[in-house]
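Here the structure is laid out as structure tokens; the discussion comes afterwards.
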Ligand code: AMP
Ligand code: MG
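Numbering (this note's numbering), first residue to last: 283 to 635.
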């Protein structure tokens, strides 16, 4: 055999060996399914790793059914359980929510009190006045200041009207409940519960960038990207394994601009206006519902108070981006994130405890 012939055989043998190696690693690679649907005004993605494909797809479809059911029950203005409650409130009647909603209101009321009212699901009338309740359309101008003041004067905070002992909401005609800052997280928690009861151990339920991850992606942890709030691209990544939630609230999610000012969907219940100072807040927490509420509360708390509110909620991993792109974070968050901006961002470390 000539030297050329020999090297051709060697190449062929190497190619076969390589193909066999690739096929072997293919065969060993556990399946991963990704299932997407739209619910609660956002794209939800369920990722299930290392679970029989047909059973994983069934579990993911069950998660979709669950989300759609909760979306109807917790819409403040359609005709589900929460909307009925809001009708009773508007009529000035006492309202007794079903067990499910009562549990949600109890927890929301406690979080509201712990945040000094920064998180307050009783902002329903305010959200409606601004026009942020309509998933199909955005407002084009802010409401008149006099109307905002009237709505503030007529409304009551949730802890004042929720009587957890009796499971009753006191009649409060100027008040409506909007669970928009909490319900998505609760739905994610319930979806994880559903997946676990189906036997799934490694999964992510991601609702528009807000997620809870359980288990791992095989040999490595799950890797989560945090988006840049003011441009496209990824600001940072976080590795999670075990069971953790990563949630972000930002002023870029639903907003309009009017005469050069940005007005967005997170409202300060004390002023009646969208929050300022903070552009986005990302936290790592355990339950998705509490993480969801916490992000919204920290947006309202602002640059001066976010560490105190995080402390009150027992949250230790927080990253905040301000209007100038400067980042503030807790030491615990610094130990968890990898910054991915090309230029190293200005970072200020702030203690929570
Ligand atoms: P999130 O994106 O989780 O921060 O939730 C924002 C949504 O929560 C808004 O679209 C409103 O429906 C509602 N919301 C706005 N401001 C507040 C607030 N201060 N407390 C509780 N819910 C709020
Ligand atoms: Mg929230």
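Note that CB positions come from ideal geometry on N, CA and C, so glycine has one too.
Note down, in chain order, each residue of its chain lying with its Cβ closer than 7 Å to the Cβ of residue i, except the 5 sequence neighbours on either side.
i, result
"residue 593", "634, 635"
"residue 538", "420, 421, 422, 545"
"residue 434", "554"
"residue 438", "404, 454, 457"
"residue 620", "518, 519"
To which residues of the same chain is residue i closer than 6 Å at the C-beta, ignoring the five residues directly before and after it?
i, result
"residue 413", "421"
"residue 617", "none"
"residue 331", "314, 484, 499"
"residue 630", "610"
"residue 305", "The pLDDT assigned to residue 305 is 49, lower than 50, so where the model puts this residue is not dependable, and the model offers no usable value."
"residue 393", "401, 575"
"residue 615", "599, 600, 601"
"residue 285", "In this prediction, residue 285 has a pLDDT of 49, which is less than 50 and means its spatial position is unreliable; nothing more can be read from the coordinates."
Looking at the ligand AMP, does it come within less than 8 Å of residue i, judged from the CB to the closest heavy atom?
i, result
"residue 581", "yes"
"residue 462", "yes"
"residue 438", "no"
"residue 468", "no"
"residue 451", "no"
"residue 319", "no"
"residue 570", "no"
"residue 389", "no"
"residue 360", "no"
"residue 587", "no"
"residue 550", "yes"
Between the options, which lies nearest to residue i when the distance is taken from Cα to Cα?
i, options, result
"residue 607", "399, 559, 457", "559"
"residue 467", "493, 598, 625, 406", "493"
"residue 502", "524, 428, 549", "524"
"residue 514", "376, 623, 382, 370", "623"
"residue 373", "505, 418, 454", "454"
"residue 451", "376, 627, 586", "376"
"residue 324", "487, 341, 613, 519", "487"
"residue 526", "429, 341, 549, 471", "471"
"residue 552", "312, 339, 329, 399", "399"
"residue 578", "535, 338, 379", "535"
Going by beta carbon distance, what residues of the same chain come within less than 8 Å of residue i, once the five residues before and after it are set aside?
i, result
"residue 478", "496"
"residue 368", "358, 359, 406, 458, 459"
"residue 516", "507, 508, 509, 510, 622"
"residue 584", "557, 558, 559, 560"
For the ligand MG, I want to know if residue i counts as a neighbour, meaning its beta carbon is within less than 8 Å of at least one of the ligand's heavy atoms.
i, result
"residue 519", "no"
"residue 531", "yes"
"residue 373", "no"
"residue 578", "yes"
"residue 575", "yes"
Taking 8 Å as the threshold, find out whether the stretch 315-326 comes into contact with the stretch 345-352 through three or more Cβ pairs.
Taking a cut-off of 8 Å on C-beta distances, the stretch 315-326 touches the stretch 345-352, as three or more cross pairs fall below it.
I want to know whether the stretch 531-546 touches the stretch 554-564 - three or more CB-CB distances under 8 Å.
Between the stretch 531-546 and the stretch 554-564 there are three or more inter-stretch CB-CB distances shorter than 8 Å, so the stretches are counted as touching.
Threshold first: 3 residues or longer. Then list the beta strand (DSSP E) segments lying entirely within the stretch 500-568, N to C.
For the stretch 500-568, whole beta strand (DSSP E) runs of length 3 or above, ordered along the chain, are 504-509, 516-522, 524-532, 537-540, 543-546, 560-567.
Length-filtered (4 minimum) alpha helix (DSSP H) runs lying within the stretch 589-627:
Inside the stretch 589-627, DSSP marks whole alpha helix (DSSP H) runs of 4 or more residues at positions 613-616, from first to last along the chain.
The stretch 359-373 contacting the stretch 534-551, beta-carbon criterion three pairs below 8 Å
No, the stretch 359-373 is not in contact with the stretch 534-551.
Inside the stretch 428-494 only - beta strand (DSSP E) runs reaching at least 3 residues
Runs found: 484-489.
Looking at C-beta atoms only, is the number of pairs between the stretch 387-404 and the stretch 439-452 that lie closer than 8 Å three or more?
By the criterion of at least three beta-carbon pairs nearer than 8 Å, the stretch 387-404 is in contact with the stretch 439-452.
Contiguous alpha helix (DSSP H) assignments of at least 4 residues, all confined to the stretch 378-414
Entirely contained in the stretch 378-414, the alpha helix (DSSP H) runs reaching 4 residues are, in chain order, 381-396, 406-412.
4 or more residues per run - each alpha helix (DSSP H) lying fully within the stretch 334-371:
Considered as a whole, the stretch 334-371 harbours 335-355 as its complete alpha helix (DSSP H) runs of no fewer than 4 residues, in chain order.
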